[in-house]
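K.L.:
Quick one: the structure is below, questions incoming.
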Amino acid sequence: MALEGLKAGIFGAVSRLKGKRKLDEAEMKELSKSIRRALLESDFNVRQSKEITARLEERMVEEEPRPGVTLQTHAMNIIYTELVRLLGPPREIRPHNQTILMVGLYGQGKTTTTAKLAEWWRRRHGIKVAVIEADVQRPGAYAQLQQLLADSPVEVYGEPENTNAEEIVRNGLAKVGNADVVIVDTAGRDRLDDELQAELERIHKVANATERFLVIDAQVGQAAGPVAAGFHELVGVSGVIVSKLDGTARGGGALSAVATTGAPIVFIGEGEKVTDLEKFESDRFISRLLGMGDIRGLIDIAPDALDQEEAMRLTERMMSGRFTLNDMYKQMEMMAKIGTIDKIVSHLPSSFFGGIGSMDRKQKEEMQGNLERYRVIMDSMTEEEKNEPHILKAERIRRIARGSGVKEKNVRELLAQWNRSRKMMKGIKGNRKLRRQMKGMMGDMDDMDMPM
Numbered sequence: 002m003a004l005e006g007l008k009a010g011i012f013g014a015v016s017r018l019k020g021k022r023k024l025d026e027a028e029m030k031e032l033s034k035s036i037r038r039a040l041l042e043s044d045f046n047v048r049q050s051k052e053i054t055a056r057l058e059e060r061m062v063e064e065e066p067r068p069g070v071t072l073q074t075h076a077m078n079i080i081y082t083e084l085v086r087l088l089g090p091p092r093e094i095r096p097h098n099q100t101i102l103m104v105g106l107y108g109q110g111k112t113t114t115t116a117k118l119a120e121w122w123r124r125r126h127g128i129k130v131a132v133i134e135a136d137v138q139r140p141g142a143y144a145q146l147q148q149l150l151a152d153s154p155v156e157v158y159g160e161p162e163n164t165n166a167e168e169i170v171r172n173g174l175a176k177v178g179n180a181d182v183v184i185v186d187t188a189g190r191d192r193l194d195d196e197l198q199a200e201l202e203r204i205h206k207v208a209n210a211t212e213r214f215l216v217i218d219a220q221v222g223q224a225a226g227p228v229a230a231g232f233h234e235l236v237g238v239s240g241v242i243v244s245k246l247d248g249t250a251r252g253g254g255a256l257s258a259v260a261t262t263g264a265p266i267v268f269i270g271e272g273e274k275v276t277d278l279e280k281f282e283s284d285r286f287i288s289r290l291l292g293m294g295d296i297r298g299l300i301d302i303a304p305d306a307l308d309q310e311e312a313m314r315l316t317e318r319m320m321s322g323r324f325t326l327n328d329m330y331k332q333m334e335m336m337a338k339i340g341t342i343d344k345i346v347s348h349l350p351s352s353f354f355g356g357i358g359s360m361d362r363k364q365k366e367e368m369q370g371n372l373e374r375y376r377v378i379m380d381s382m383t384e385e386e387k388n389e390p391h392i393l394k395a396e397r398i399r400r401i402a403r404g405s406g407v408k409e410k411n412v413r414e415l416l417a418q419w420n421r422s423r424k425m426m427k428g429i430k431g432n433r434k435l436r437r438q439m440k441g442m443m444g445d446m447d448d449m450d451m452p453m
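One gets the working numbering by counting positions in the sequence shown from 1 and adding 1 to each.
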């Protein structure tokens with residue numbers, strides 16, 4: 002999850018409210034100071050940080066927590082609404098009949114983002130998508146785009162020997178213009194110079210684009226504001242895609258700076274896979290950031306290959322308390338299809354399943370390694386052994402260890418993990434809170450508990 006530092010800073014500040022019913026002036030100032038420090042360290046600018054904390058102080062005084070709501074949760078709710086307000090509402094994008102022009106400076110991840118956007122559009126809407134590579138400044142751009150989309154039905158058009166970008170776009174539209182969505186990747190520069198401006202203006206005229214998306218690397222932080230403003234003046238940017246958001250502590254600066262320009266953030270990129278792009282919705286993004294979870298977002302990033310009926314069946318079995326190694330294996334397969342543990346956990350509420358949603362990076366990496374090893378071990382088991390784990394005694398464990406190339410203790414670790422999971426699943430039947438959380442995963446979002 003991006004902005005882990007901001008999340009930790011806010012949680013650390015708000016955790017000091019535990020057990021309190023009201024704050025005195027000194028305590029309120031200390032809370033405000035801690036929140037402002039967390040925002041500044043995530044590269045939000047001084048004005049925005051002061052504005053958010055001033056609103057927090059004002060609302061903490063004027064608004065009483067609802068009955069049954071702790072002061073911690075009340076403060077977190079205020080921070081949530083203020084951050085959502087700052088980043089602005091989501092922008093609706095028409096799914097069909099689009100020609101999208103991708104623009105940006107050199108090294109911002111534009112070509113990779115072009116591939117991600119094409120794949121997102123294809124998977125989300127099930128339509129024909131084509132890409133035109135018009136970056137004539139970088140010789141490897143066309144080959145890179147082909148490689149990124151090698152396993153996708155998205156059509157890639159390019160003329161690697163042609164140095165006339167305007168001509169490539171014109172020819173490309175004649176060739177693949179019948180696609181529902183055509184995305185045009187353009188060249189970048191170190192800065193928005195006269196040469197780049199002239200080329201973009203010519204391409205813009207030929208493409209007659211319905212959308213003009215600017216790609217900005219989150220690492221640029223607050224400098225994203227002037228960059229967005231410059232491109233907006235040139236081509237009328239209709240949306241901004243913030244890339245590499247998972248690789249920097251300055252993501253808050255990029256997001257907040259772009260938001261102030263009036264050009265809406267439409268997508269964010271986290272991760273290296275071609276599927277690692279998500280539609281930006283400030284309320285859901287901030288909900289994940291503050292540990293409230295985003296189960297609908299988890300469903301959105303699930304690939305086409307994920308069997309929704311099987312997922313429902315597994316969830317129902319878990320809620321009933323029945324849980325075999327076979328169920329555990331199928332669960333791991335589904336998780337592998339969705340993505341890394343880091344991506345999955347970032348969409349879960351912090352309180353989910355005893356705090357799984359609040360694991361730190363080291364814990365997530367350890368869990369990722371264990372899951373991969375456990376799947377290999379279970380591949381060496383028979384169906385009977387996976388369905389009836391109680392028959393796994395010493396001799397069978399030795400055979401499974403040899404077959405999977407691990408030590409016997411690793412097999413026993415897997416069985417211990419399964420047993421812990423099984424006991425936890427049994428506890429679901431009599432635990433109304435956990436049952437509500439599980440129902441939330443199946444779509445009943447109104448029943449999800451707030452963190453804290």
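For glycine and all other residues, C-beta sits at the position ideal for the given N, C-alpha and C.
#1: Would you mind sorting Gly356 into buried or exposed? The rule is 16 or more other CB atoms within 10 Å of its CB.
#2: Counting C-beta neighbours from all protein chains within 10 Å, is the total for Gly222 16 or more, i.e. buried, or is it exposed?
#3: Measuring only the C-alpha atoms, how far is Glu212 from Ala55?
#4: Between Ile36, Leu278, Met382 and Glu168, which has its C-alpha nearest Arg125's C-alpha?
#5: Would Thr112 and Gln145 qualify as a contact pair, given that the criterion is a beta-carbon distance under 8 Å?
#6: Report yes if the C-beta distance between Leu87 and Ser257 is below 8 Å; otherwise report no.
#7: Quick one: is the Cβ of Gly231 within less than 7 Å of any heavy atom of the ligand SAM?
#8: Counting Cβ pairs closer than 8 Å, one from the stretch 176-186 and one from the stretch 92-99, do we hit at least three?
#9: Note down the Cα distance separating Leu149 from Ala166, rounded to an integer number of angstroms.
#10: Can you find the residues in the same chain that come closer than 7 Å, C-beta to C-beta, to Lys117, ignoring five residues on each side of it along the sequence?
#11: Give the list of continuous alpha helix (DSSP H) stretches no shorter than 4 residues that lie fully inside the stretch 64-125.
#12: Measuring only the C-alpha atoms, how far is Ile204 from Gln138?
#13: What residues in its chain sit with their C-beta under 6 Å from that of Leu84, if we drop five residues either side in the sequence?
#14: Between Asn172, Leu106, Leu174 and Ala255, which has its C-alpha nearest Ser43's C-alpha?
#15: Measuring straight from C-alpha to C-alpha, what distance separates Pro154 and Trp121?
#16: DSSP three-state call for Leu290: helix, strand or coil?
#17: Report yes or no: do the stretch 57-76 and the stretch 22-32 share at least 3 C-beta pairs separated by less than 8 Å?
#18: Mind checking which residues open and close the beta strand (DSSP E) that includes Asp195?
#19: The alpha helix (DSSP H) with Val177 in it runs from where to where?
#20: The beta strand (DSSP E) spanning Ile133 covers which residue range?
#21: Can you tell me which of Gly159, Thr187 and Lys8 puts its alpha carbon nearest to the alpha carbon of Ala175?
#22: Just reading off the beta strand (DSSP E) that Leu215 is part of, what are its end residues?
#23: Taking its Cβ as the centre, do 16 or more other Cβ atoms sit within 10 Å of Glu386, making it buried, or is it exposed?
#24: What residue range is occupied by the uninterrupted beta strand (DSSP E) comprising Leu256?
#25: Only counting the same chain, and skipping five residues up and downstream in sequence, which positions put a Cβ closer than 6 Å to that of Gly10?
#26: Run through DSSP, which three-state label would Lys21 get?
#27: Label Gln364 either buried or exposed according to how many other C-beta atoms from any shown protein chain fall within 10 Å of its C-beta, with 16 as the threshold for buried.
#28: Tell me whether the beta-carbon of Val241 lies closer than 8 Å to the beta-carbon of Val207.
#29: Decide if Ala219 is buried, meaning its Cβ has at least 16 other Cβ atoms within 10 Å, or exposed.
#30: Out of Ala142, Phe45, Pro227 and Lys51, which one is the CA nearest neighbour of Lys34?
#31: Identify the continuous alpha helix (DSSP H) that holds Phe232 and give its terminal residues.
#32: If you follow the beta strand (DSSP E) that Ser244 is part of, which residue opens it and which one closes it?
#33: Please state the DSSP three-state secondary structure of Leu4.
#34: Let's test the definition: count the other Cβ atoms within 10 Å of the Cβ of Thr114 and tell me whether it reaches 16, buried, or not, exposed.
#35: Is Met382 close to chain B, meaning its C-beta is less than 8 Å from at least one C-beta of that chain?
P.N.:
Reading it off the structure:
#1: To locate residue 356, count along the sequence shown from 1; it is residue 355. Only weak support exists for where Gly356 lies, its pLDDT of 49 falling under 50; the coordinates are left without a value.
#2: As a working note, residue 222 is residue 221 in the sequence shown. By the Cβ neighbour-count rule, Gly222 is buried, with 16 or more other Cβ atoms within 10 Å of its own.
#3: As a working note, residue 212 is residue 211 in the sequence shown. As a working note, residue 55 is residue 54 in the sequence shown. Answer to the nearest angstrom: the Cα atoms are 37 Å apart.
#4: As a first step, residue 125 must be located in the sequence shown, where it is residue number 124. Of the listed residues, the one whose Cα sits closest to Arg125 is Leu278.
#5: Translated into the one-based positions of the sequence shown, residue 112 becomes position 111. Translated into the one-based positions of the sequence shown, residue 145 becomes position 144. Going by beta carbons, Thr112 and Gln145 fall inside the 8 Å limit.
#6: Reading the sequence shown from its first residue, position 86 is the one you call residue 87. Reading the sequence shown from its first residue, position 256 is the one you call residue 257. Yes, the pair counts as a contact, with Cβ atoms nearer than the cut-off.
#7: The ligand SAM is absent from the structure shown, which contains no ligands of any kind.
#8: Output reads yes: the stretch 92-99 touches the stretch 176-186.
#9: In the sequence shown, residue 149 corresponds to position 148, counting from 1. In the sequence shown, residue 166 corresponds to position 165, counting from 1. Distance from the CA atom of Leu149 to the CA atom of Ala166, rounded to whole angstroms, is 21 Å.
#10: Against the sequence shown, residue 117 aligns to sequence position 116. Gly270, Val275, Asp277 and Leu278.
#11: If we require 4 residues or more, the alpha helix (DSSP H) runs fully inside the stretch 64-125 come out as 72-88.
#12: Residue mapping note: residue 204 aligns to position 203 of the sequence shown, counting from 1. Residue mapping note: residue 138 aligns to position 137 of the sequence shown, counting from 1. So the two alpha carbons sit approximately 14 Å from each other.
#13: Here residue 84 is taken as the residue at index 83 of the sequence shown, counted from 1. These residues qualify, in order along the chain: Ile287.
#14: Within the sequence shown, residue 43 is the residue found at index 42, counting from 1. If we check each option's Cα against that of Ser43, Ala255 comes out closest.
#15: Translated into positions along the sequence shown, residue 154 becomes position 153. Translated into positions along the sequence shown, residue 121 becomes position 120. Computed Cα separation, rounded: 12 Å.
#16: Here residue 290 refers to the residue found at position 289 when the sequence shown is read from its first residue. The answer is helix: DSSP assigns Leu290 an H, G or I state.
#17: As far as the Cβ criterion goes, the stretch 57-76 touches the stretch 22-32, which means the pair count is three or higher.
#18: Position 194 of the sequence shown, counted from the start, is the residue given in the question as residue 195. From DSSP, Asp195 is part of no beta strand (DSSP E) but of the alpha helix (DSSP H) over Asp195 to Ala208.
#19: The count along the sequence shown starts at 1 and reaches residue 177 at position 176. Counting along the chain, the alpha helix (DSSP H) containing Val177 begins and ends at Ala166 to Val177.
#20: For this step, residue 133 is matched to residue 132 along the sequence shown. Run containing Ile133: Val130 to Ala135, per the beta strand (DSSP E) assignment.
#21: Here residue 175 refers to the residue found at position 174 when the sequence shown is read from its first residue. Of the listed residues, the one whose Cα sits closest to Ala175 is Gly159.
#22: For the purposes of this step, residue 215 is identified with residue 214 of the sequence shown, where counting begins at 1. Its beta strand (DSSP E) spans residues Glu212 to Asp218.
#23: As a working mapping, residue 386 is identified with position 385 in the sequence shown. Label assigned to Glu386: buried.
#24: Translated into the one-based positions of the sequence shown, residue 256 becomes position 255. For Leu256, there is no enclosing beta strand (DSSP E); the enclosing alpha helix (DSSP H) has its first and last residue at Gly252 to Ala260.
#25: Stepping through the sequence shown from its first residue, residue 10 is reached at position 9. Counting only Cβ-Cβ distances below 6 Å, and skipping sequence neighbours, we find Ala39.
#26: Counting from one through the sequence shown, the residue named residue 21 turns up at place 20. Looking at Lys21 - three-state DSSP - the assignment turns out to be coil, as it is neither helix nor strand.
#27: As a position in the sequence shown, residue 364 is number 363, starting the count at 1. Counting Cβ neighbours within 10 Å, Gln364 comes out exposed, since fewer than 16 surround it.
#28: Here residue 241 corresponds to residue number 240 of the sequence shown, with the count starting at 1. Here residue 207 corresponds to residue number 206 of the sequence shown, with the count starting at 1. No, they are not a contact pair.
#29: The sequence position of residue 219 within the sequence shown is 218, counting from 1. Ala219 comes out buried.
#30: One-based indexing of the sequence shown puts residue 34 at position 33. Closest in alpha carbon position to Lys34, among Ala142, Phe45, Pro227 and Lys51, is Lys51.
#31: Residue numbering aside, residue 232 sits at position 231 when the sequence shown is read from its first letter. The continuous alpha helix (DSSP H) containing Phe232 extends over residues Ala225 to Val236.
#32: As a working note, residue 244 is residue 243 in the sequence shown. Going by DSSP, Ser244 is part of the beta strand (DSSP E) stretching over Gly240 to Ser244.
#33: As a working note, residue 4 is residue 3 in the sequence shown. Note: Leu4 maps to coil in three-state DSSP.
#34: As a position in the sequence shown, residue 114 is number 113, starting the count at 1. Burial state of Thr114 is buried, judged by a 10 Å Cβ sphere holding 16 or more other Cβ atoms.
#35: Any reference to chain B falls outside this structure, which holds one protein chain only.
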